[in-house]
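Numbering (the numbering used here), first residue to last: 11 to 410.
Right, dumping it as structure tokens:
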């Protein structure tokens, strides 16, 4: 549990910078005289950088070890967080958020590679689920913490707070995280140069099974990212919730996701990881289809939105860690690169979904629900295309 605590907190630092300031998105727009679309770009820029940055950190960590890139990323995150706190216009904030995302990418890519350095199969799933449990502190507590910070110091206070969190992360890496890829093993890593790193990415991009698993998880994340970007305007402006009430509603759905993730290893041992993915994706798709039918027919009750999304979130809590384990299973020699590409593709899928839905954003629930449902249904189709063959059963059978 000690390692999971460290890795989970490192992974949560970047998302904390998202979740803490969600309740303040309307205030940021008013303060910087920016419209809804421009404010949402500060989210999109962060997610794009969070994805692209992992492409660099992965192979670098395979070459120099896991800890040095973490030091660099956390330092960059801390410096740019201070810059965000001092921004005086939306363009500067967006640019700094992009750089902040590049720093946060280290904390997203490298912990997964550390898990793969140490474990495979259900042991990896167990550690990944514990990591997710610790990671859950961000969506569970960050919006509430953000509401408190915003009440005391305004939206700029959020960025001072996450800068301090990054400094704490640097101390934690130095004192509590052992290097899991020692020099002797680095010599065996195939991508000892950038040319070989690109070749490793080529191998991964030609692996249809790997890509399918990555995109299944990416579709689940895309639905969540659409909710992340749209829900402050829908729940606060359309349904009239206060920032604190919004934070509580957001936390309840996040709790469903992370509570369900804790059953990943147990269900995987009993039924096989592939069966877990298929069942969870099917549940999420069915629930989101019901939600879309409700809103398309004119329904508009907040309780229906939150209740159905609670169920869908629980299903997605089984999908994302399980597909990550399965995707990395056969790529242990290049775990950092495989983890980085996984994170990049999933972040870019989520950012693209946010961008598309943002074009149709009206502050009402239906565009958000359409985007969330599309992610669930595409994920459902990809699951049955990717995991229907013999290879899928061999990788994720009951023995895993």
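The beta carbon of each residue, even a glycine, is placed where N, CA and C say it ideally should be. As the structure is a computational prediction, the values presented were derived from the model and not from experiment.
The closest CA to that of residue 158, considering only 257, 235, 84, is found on 257. Sequence-distant Cβ neighbours of residue 248 in its own chain, meaning closer than 8 Å and more than five residues away, are 373, 374, 375. Straight through space, the alpha carbons of residue 97 and residue 289 are spaced by roughly 46 Å. Nearest in C-alpha terms to residue 101, of all of 312, 50, 245, 367, is 50. Membership of residue 64 in the alpha helix (DSSP H) is indicated by the continuous run 46 to 74. Residue 227 sits away from residue 117, with the two beta carbons spaced by 9 Å or more. Straight through space, the alpha carbons of residue 189 and residue 86 are spaced by roughly 21 Å. For residue 37, the enclosing alpha helix (DSSP H) has its first and last residue at 35 to 41. Apart from sequence neighbours up to five positions away, the residues of its chain that approach residue 108 with a beta-carbon distance below 8 Å are 55, 56, 58, 59, ordered along the chain. Rounded to whole angstroms, the separation of the alpha carbons of residue 304 and residue 83 is 44 Å. Judged by DSSP in its simplified three-state form, residue 370 adopts coil rather than helix or strand.
Taking C-beta separations shorter than 6 Å and ignoring five residues to either side along the sequence, the partners of residue 260 in its chain run 153, following chain order.
Apart from the 5 residues on each side of it in sequence, residue 263 sits with its Cβ closer than 6 Å to the Cβ of 319, 320, 323 in its chain, given in chain order. For residue 224, the closest alpha carbon among the candidates 329, 91, 212, 81 is that of 329. Contact check for residue 353 against residue 192 fails: the beta carbons are separated by 9 Å or more. Between residue 65 and residue 350, the C-beta spacing is below 9 Å. Straight-line measurement puts the Cα of residue 394 at about 15 Å from the Cα of residue 385. In this structure residue 122 is buried. Its beta-carbon is surrounded by 16 or more other beta-carbon atoms within 10 angstroms.
Below 8 Å, too few C-beta pairs join the stretch 357 to 371 and the stretch 292 to 303 to call them touching: fewer than three.
In this structure, residue 165 sits near residue 38, with a CB-CB distance shorter than 9 Å. For residue 172, the enclosing alpha helix (DSSP H) begins and ends at 166 to 186. In the structure shown, residue 219 adopts helical secondary structure according to DSSP, grouped into three states.
Within the stretch 246 to 331, the runs of alpha helix (DSSP H) that reach at least 4 residues and sit entirely inside it are, in chain order, 253 to 271, 274 to 281, 283 to 306.
In terms of Cβ geometry, residue 371 and residue 240 form a close pair [threshold 9 Å].
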